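Have a look at the structure below before the remarks.
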Amino acid sequence: FCFNRPSALYAITVPSATSAESPILLRLTLGVESASSPRFSPAGDSLVYLCHQNSVTSGAHNSTAELHSLPWGPSFSSMSAMLDAGEIAHRVVVSTVQAPDTGGAFPGLYCGRLLDRPWMNGGRKLLLQSTWGSSEAVVCVDMQTGCVDRVSPPCASPSDWGSWSLLSVGGCEEGPVAVAAASAPNRPPTMFTASTLDFNWTEMSVAAPEPFDSKVEAALARMTHRIVQVDPKV
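Just remember that this note's numbering sits 24 ahead of the position in the sequence shown, which is counted from 1.
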C-alpha cells in the first residue's frame, strides 16, 4: 500500500447468521481523500485516524500526515443520521507542517500506523512513532490542544541512541508505562521502558538470544555515528 493512493474509513453492519437483512456500508470520511489506522478513544466517543491527504494530492509517496478525529455516535443509525445531516465534523488534531520553525523543531507527522492502544491519561493524550529529521522518535500528542512533544531523547552526540521505535503503551502496578526499542548504527536494538508521567527511559534487562561474535563486537565498538544537519536551499 502506498500513501498516495486514496483511502477511506467505512462502518458496516453485521447481521446475524439467521437474519435476512443485508449488510449496510457507511462511509465515515466524506470529503477526506485519505484515512487509515482508525482507533477508538478509551471512552468510545471518538475515532482518531491518520490522514495522508498531502500524499494523495501531491503524488508524494510519504508526505507529511495529519491526525484527525471524528465524534462517534451511540449507534449505527445515529451515525448514519448525523452524516446525512452534515453534523459530523472531522477535527484536525495535528495539521500539516509545511516547514519546521527551526532545525530541531517538530517537522510534521510521518507515521504509517498507530498502535492498537496508543492512549494515555484516559484518552487525553496519544503516543505514536514518527520520523523526526533523520531518525525515528516517540512523540506525545495532546488531543485537546494538538501540541506535539518529543518524549524520546534526540540524537545529539555519537554516544546517543539513534532511532526509537514505539512498541506498546500500557499499565502496571507502578502506573502507565511506554515500551520502546532504541538502536543506532553501532548499537543493536535495546528495549526501554518509561513512565508516561515523566518519560525517564530505563533500559530493560533482556538477555540476548545469542551473543555476537567477538569480531562483530570489536567492529561495533570502533564505529561512531552522528547526524549531519543540512539546510537545503529552496
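Just so you know, even glycine gets a beta-carbon here, dropped at the ideal spot from N, CA and C. Predicted, not measured: the structure shown is a model, and the values here were computed from it.
Nearest neighbour of residue i, chosen from the options [CA to CA]
{"i": "S176", "options": "P212, G170, F216", "result": "F216"}
{"i": "S158", "options": "A180, V172, C164, D140", "result": "A180"}
{"i": "G136", "options": "W143, N145, E160, V117", "result": "E160"}
{"i": "S61", "options": "T42, A89, M106, M103", "result": "A89"}
{"i": "N210", "options": "W225, G186, V193", "result": "G186"}
{"i": "L49", "options": "V254, L33, D237", "result": "L33"}
{"i": "T248", "options": "S183, T214, V56, F236", "result": "S183"}
{"i": "V254", "options": "A205, G127, S43, G194", "result": "G127"}
{"i": "T226", "options": "V117, A206, T169", "result": "A206"}
{"i": "P66", "options": "G110, R174, G194", "result": "G194"}
{"i": "D173", "options": "P213, D222, L139, L138", "result": "D222"}
Environment of residue i [buried if 16+ CB atoms lie within 10 Å]
{"i": "F27", "result": "buried"}
{"i": "N78", "result": "buried"}
{"i": "T220", "result": "buried"}
{"i": "T53", "result": "buried"}
{"i": "C171", "result": "exposed"}
{"i": "H92", "result": "buried"}
{"i": "H76", "result": "buried"}
{"i": "M167", "result": "buried"}
{"i": "S58", "result": "buried"}
{"i": "M144", "result": "buried"}
{"i": "M103", "result": "buried"}
Distance between residue j and residue i (C-alpha atoms, nearest Å)
{"i": "L150", "j": "V203", "result": "14 Å"}
{"i": "A113", "j": "W96", "result": "11 Å"}
{"i": "C164", "j": "R148", "result": "10 Å"}
{"i": "G68", "j": "A208", "result": "38 Å"}
{"i": "Q122", "j": "R141", "result": "29 Å"}
{"i": "P47", "j": "S31", "result": "21 Å"}
{"i": "D125", "j": "L191", "result": "29 Å"}
{"i": "H85", "j": "L152", "result": "20 Å"}
{"i": "V230", "j": "N224", "result": "18 Å"}
{"i": "T155", "j": "P131", "result": "8 Å"}
{"i": "I251", "j": "S189", "result": "18 Å"}
{"i": "L107", "j": "V201", "result": "37 Å"}
{"i": "Y134", "j": "T42", "result": "45 Å"}
{"i": "E234", "j": "G146", "result": "40 Å"}
{"i": "S119", "j": "P178", "result": "23 Å"}
{"i": "V80", "j": "R29", "result": "6 Å"}
Coil, strand or helix - residue i by DSSP
{"i": "E160", "result": "strand"}
{"i": "M144", "result": "strand"}
{"i": "V269", "result": "Residue 269 lies beyond the stretch modelled for the chain, which goes from 25 to 258, so this question has no answer here."}
{"i": "S57", "result": "Note on residue identity: the sequence assigns Glu, not Ser, to residue 57. Residue state, collapsed to three classes: coil."}
{"i": "L221", "result": "coil"}
{"i": "K239", "result": "helix"}
{"i": "Q153", "result": "strand"}
{"i": "V252", "result": "coil"}
{"i": "A32", "result": "coil"}
{"i": "L49", "result": "strand"}
{"i": "L137", "result": "The amino acid occupying residue 137 in the given sequence is Arg; Leu does not appear at that position. Three-state result, R137: coil."}
{"i": "A180", "result": "coil"}
{"i": "N89", "result": "The amino acid occupying residue 89 in the given sequence is Ala; Asn does not appear at that position. Strand at A89."}
{"i": "A245", "result": "helix"}
{"i": "P213", "result": "strand"}
{"i": "E121", "result": "What sits at residue 121 in the sequence shown is Val, not Glu. Reduced to three states, the DSSP call for V121 is coil."}
{"i": "R227", "result": "For the sequence presented, residue 227 should be read as Glu rather than Arg. E227 falls in the strand class under three-state DSSP."}
First and last residue of the uninterrupted alpha helix (DSSP H) at residue i
{"i": "M103", "result": "100 to 108"}
{"i": "E111", "result": "Per DSSP, E111 belongs to no alpha helix (DSSP H) and is neither H nor E."}
{"i": "V80", "result": "77 to 82"}
Span of the beta strand (DSSP E), counted from its first residue to its last, around residue i
{"i": "V172", "result": "172 to 174"}
{"i": "V118", "result": "115 to 118"}
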